[in-house]
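Protein sequence lines, in the order shown, are assigned to chains H and G. The numbering used here applies: residue 135 is where the first sequence begins, and numbers increase by one. The numbering used here applies: residue 70 is where the second sequence begins, and numbers increase by one.
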Amino acid sequence: MSETILMTEGLSKRFGSRWAVKDLNLDVRAGEIFGFLGPNGAGKSTTIRMILTLLLPTSGNVKIFGKEVRGHRVEILSRVCGIVEKPDFYLFLSAHKNLELLGSLSRKVTRDEIYEALEIVGLKARAGDKVKTFSHGMKQRLGIAQAILTRPDLVILDEPTSGLDPQGMKEVRELVLKLSREHGTTIFLSSHLLTEVEAVAQRMAVLNHGELIAQGAVSELLSNGSSYFTISATPMDKALAILRRVSWVEVVAEGNGIDVRIDSRRAAELNRLLVTSGIDISAFAAKRTLEDYFLKITEGASEV
Amino acid sequence: MSLFAVEIEKTYRRWRTYIGFAVILAAVLLLEVIIKLDEPQMAHAFSGGLNADFLISGHILNAWVITAFIMNSLYIHVPFLVALVAGDMVSSEATSGTLRFMLIRPPSRAKIITAKFLAMIFYTASLIAFFGILCVGIGLVFFGGGDLVKFQPGLPHIVVLPAHIAASRTGMAFLAAILSMSVVGSLAFLFSTLVDNSIGPIIGSIAVVIISFILGNLPFEFTESLRPYLFTTYMGIWQLLLDNPIEWPIVGKYALALIGFDAVFFGIAYYVFVRKDIKS
Numbered sequence: 135m136s137e138t139i140l141m142t143e144g145l146s147k148r149f150g151s152r153w154a155v156k157d158l159n160l161d162v163r164a165g166e167i168f169g170f171l172g173p174n175g176a177g178k179s180t181t182i183r184m185i186l187t188l189l190l191p192t193s194g195n196v197k198i199f200g201k202e203v204r205g206h207r208v209e210i211l212s213r214v215c216g217i218v219e220k221p222d223f224y225l226f227l228s229a230h231k232n233l234e235l236l237g238s239l240s241r242k243v244t245r246d247e248i249y250e251a252l253e254i255v256g257l258k259a260r261a262g263d264k265v266k267t268f269s270h271g272m273k274q275r276l277g278i279a280q281a282i283l284t285r286p287d288l289v290i291l292d293e294p295t296s297g298l299d300p301q302g303m304k305e306v307r308e309l310v311l312k313l314s315r316e317h318g319t320t321i322f323l324s325s326h327l328l329t330e331v332e333a334v335a336q337r338m339a340v341l342n343h344g345e346l347i348a349q350g351a352v353s354e355l356l357s358n359g360s361s362y363f364t365i366s367a368t369p370m371d372k373a374l375a376i377l378r379r380v381s382w383v384e385v386v387a388e389g390n391g392i393d394v395r396i397d398s399r400r401a402a403e404l405n406r407l408l409v410t411s412g413i414d415i416s417a418f419a420a421k422r423t424l425e426d427y428f429l430k431i432t433e434g435a436s437e438v
Numbered sequence: 070m071s072l073f074a075v076e077i078e079k080t081y082r083r084w085r086t087y088i089g090f091a092v093i094l095a096a097v098l099l100l101e102v103i104i105k106l107d108e109p110q111m112a113h114a115f116s117g118g119l120n121a122d123f124l125i126s127g128h129i130l131n132a133w134v135i136t137a138f139i140m141n142s143l144y145i146h147v148p149f150l151v152a153l154v155a156g157d158m159v160s161s162e163a164t165s166g167t168l169r170f171m172l173i174r175p176p177s178r179a180k181i182i183t184a185k186f187l188a189m190i191f192y193t194a195s196l197i198a199f200f201g202i203l204c205v206g207i208g209l210v211f212f213g214g215g216d217l218v219k220f221q222p223g224l225p226h227i228v229v230l231p232a233h234i235a236a237s238r239t240g241m242a243f244l245a246a247i248l249s250m251s252v253v254g255s256l257a258f259l260f261s262t263l264v265d266n267s268i269g270p271i272i273g274s275i276a277v278v279i280i281s282f283i284l285g286n287l288p289f290e291f292t293e294s295l296r297p298y299l300f301t302t303y304m305g306i307w308q309l310l311l312d313n314p315i316e317w318p319i320v321g322k323y324a325l326a327l328i329g330f331d332a333v334f335f336g337i338a339y340y341v342f343v344r345k346d347i348k349s
């Protein structure tokens, strides 16, 4: 097992009478992309703010590189970088100057390092332009540039694809993978999109209402137990009749396609059954929405 | 690059910082042109009618007299110009989100807030220095030098500072004015750590200055008892340095009071900032 890079122990934060995060125990290992998944308002940003010392925990603690952040802040934060919520910059300064100023808070950064970071995120040609002229996607990429500028060992990205169009989301995902593969950086990536976490992360934790509801390898968490699938079949009524006769299939919705819940290990068997019954299958896809996933794991179908 | 250098660079790369300099340039230029255009009548007004009883020779209106006159605007628009930047030092970064970026870096919050405070003091000093250089520079071009004669309506004395000490006294008065205005800046800076918008600290600090001035000038027993506790009581320290002779014990008392207010306002700002949960 790889070395643990980031660990939270009983981490909790209360605002007034409301617990934003409660008794959170995370375990992020060296070199991995760790997905931190949860719907909006689940407590992801609050957790990240506590990890990065923006918020003081009500109880519990955060250890990074084996040391408590509270007692070793300077040492730890010089090896960590991140984006919290959204990348905000000095709009009246150029991309280059922003990176120079923000980078200098960690250590002296050279002009070459700044251009290299900008090149990685595809903004080298815009280095001299003021950030106020940048699109949201460009600011996100600049945020990643500042996060990698000082070559940190751990990068924390809070919803890095938030507000981006599909092309922008793809670019950011590729950047995250590139950082991990080429630089060996450990990446802690929060998202409310299961597909995003599934596409890049090796392990993940799932947060809901401030509480951890699952943590482990992405492949294991997503494959265990029953899953939801959408089937597009012709003729639809005949397919529906067959599905309703199979004891281990639960039809949960019908519309343009048929949504069923089955043991994911029997997906191929069901597909074969439909085809051999003379049904044309145009799509047989696992539903990968966070909502479905939550339904699944809160019903106890997954072991945490 | 040191934190202080980072703060200075950010401060002086914003156009808002130059509003104060532009306003002072326009105000000083306008005032001195108006005085120049109507010089005889202005000279009579400046002499307070004393030329009916005294024989006044030479230039009553000279750079030092005009500068001392214009310095009275330290009570009017200069506090606002100081608050415009000081009230923005922390809150604007909270609003724009850049404060988050700063605070997840290795430098401690204590160092960050101290660097910001020092940058605010530097801005205040540069603004007052610009004000002084402009007043004297334009004054010398338009009116030349001479003795600094202060006619104070309602007071039974005239202060005459010979030409050879007028320059140094004016310089000292501007140094004192920096201290005086730094308290306004410190107050706006404190407010800036309390909220996440820029308007509140600017308006709030100016409101406190105005209310303090009013309270300090009301002729009631209760309000008079409040005077020692109002920072506005000591803001006129620069005027003491244009008296002759200078009453150093009073100057010292005023300076200590102003430094004390600076320390208290910064101390509260520091305490608030290092413990603040950053939710913006």
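Glycine included, every Cβ here is placed at the ideal spot set by N, Cα and C.
Cβ neighbour criterion (16 or more within 10 Å) applied to residue i
i                      : result
residue 406 of chain H : exposed
residue 340 of chain H : buried
residue 340 of chain G : exposed
residue 184 of chain G : buried
residue 299 of chain H : exposed
residue 421 of chain H : buried
residue 259 of chain H : exposed
residue 436 of chain H : Model confidence at residue 436 of chain H stands at a pLDDT of 41, short of 50, so the residue's coordinates are unreliable; what they give is reported in the following sentence. Buried, by the Cβ-count rule.
residue 362 of chain H : buried
residue 395 of chain H : buried
residue 298 of chain G : exposed
residue 107 of chain G : exposed
residue 333 of chain H : buried
residue 81 of chain G  : exposed
residue 330 of chain H : buried
residue 348 of chain G : exposed
Residue from the options with nearest C-alpha to residue i
i                      : options                    : result
residue 136 of chain G : G:307, G:322, G:321        : G:307
residue 202 of chain H : H:243, H:239, H:387, H:140 : H:140
residue 153 of chain G : G:198, G:343, G:90         : G:90
residue 243 of chain G : G:85, G:322, G:304, G:211  : G:304
residue 154 of chain H : H:165, H:172, H:138        : H:172
residue 137 of chain H : H:428, H:253, H:198        : H:198
residue 367 of chain H : H:343, H:412, H:335        : H:412
residue 267 of chain G : G:160, G:108, G:82         : G:160
residue 245 of chain G : G:140, G:111, G:78         : G:140
residue 323 of chain G : G:275, G:273, G:284, G:252 : G:252
residue 414 of chain H : H:369, H:376, H:346        : H:369
residue 155 of chain G : G:326, G:178, G:77, G:109  : G:77
residue 188 of chain G : G:116, G:86, G:202         : G:86
residue 309 of chain H : H:329, H:279, H:324        : H:279
residue 235 of chain H : G:273, G:277, G:79         : G:79
Start and end residues, beta strand (DSSP E) containing residue i
i                      : result
residue 350 of chain G : The question about residue 350 of chain G has no answer, for chain G in this structure spans 70 to 349.
residue 382 of chain H : That residue, residue 382 of chain H, is in no beta strand (DSSP E); it is neither H nor E in DSSP.
residue 349 of chain H : 345-351
residue 134 of chain H : Only positions 135 to 438 of chain H appear in this structure, which leaves residue 134 of chain H out of reach.
residue 420 of chain H : 414-420
Pair within 8 Å by beta-carbon distance, residue i and residue j
i                      : j                      : result
residue 269 of chain G : residue 260 of chain G : yes
residue 391 of chain H : residue 364 of chain H : yes
residue 332 of chain G : residue 208 of chain G : no
residue 320 of chain G : residue 250 of chain G : no
residue 194 of chain H : residue 150 of chain H : no
residue 216 of chain H : residue 281 of chain H : yes
residue 374 of chain H : residue 354 of chain H : no
residue 268 of chain H : residue 83 of chain G  : no
residue 219 of chain H : residue 320 of chain H : no
residue 287 of chain H : residue 182 of chain H : no
residue 210 of chain G : residue 218 of chain G : no
residue 168 of chain H : residue 348 of chain H : no
residue 457 of chain H : residue 240 of chain H : This structure does not reach residue 457 of chain H, given that chain H is present from 135 up to 438, and the question cannot be answered.
residue 192 of chain H : residue 152 of chain H : no
Delimiting residues of the alpha helix (DSSP H) encompassing residue i
i                      : result
residue 204 of chain H : From DSSP, residue 204 of chain H is part of no alpha helix (DSSP H); its letter is neither H nor E.
residue 406 of chain H : 401-410
residue 285 of chain H : Careful: residue 285 of chain H lies outside any alpha helix (DSSP H) and carries neither H nor E.
residue 212 of chain G : 178-212
residue 97 of chain G  : 86-106
Cβ of residue i within 8 Å of any chain C Cβ
i                      : result
residue 171 of chain G : Annotation note: the requested chain C is absent from the structure, which comprises protein chains H and G.
Practice task
Taking 8 Å as the threshold, find out whether the segment 162-177 of chain G comes into contact with the segment 172-189 of chain H through three or more Cβ pairs.
Solution key: Yes, they touch.
Problem - contact_flag[the segment 227-246 of chain G, the segment 201-219 of chain G] where n(CB pairs < 8 Å) is 3 or more - result: Judged by Cβ distances under 8 Å, the segment 227-246 of chain G makes contact with the segment 201-219 of chain G, as three or more pairs qualify.
Practice task
For the segment 236-255 of chain H and the segment 185-200 of chain G, state whether three or more C-beta atom pairs, one from each stretch, are separated by less than 8 Å.
Solution key: Because the criterion of three Cβ pairs below 8 Å is not met, the segment 236-255 of chain H and the segment 185-200 of chain G do not touch.
Problem - Cβ contact check for the segment 395-404 of chain H and the segment 93-106 of chain G: 3 or more pairs under 8 Å - result: With a cut-off of 8 Å, the segment 93-106 of chain G and the segment 395-404 of chain H do not count as touching, because too few Cβ pairs lie within range.
Practice task
Report yes or no: do the segment 219-236 of chain H and the segment 250-265 of chain H share at least 3 C-beta pairs separated by less than 8 Å?
Solution key: As far as the Cβ criterion goes, the segment 219-236 of chain H touches the segment 250-265 of chain H, which means the pair count is three or higher.
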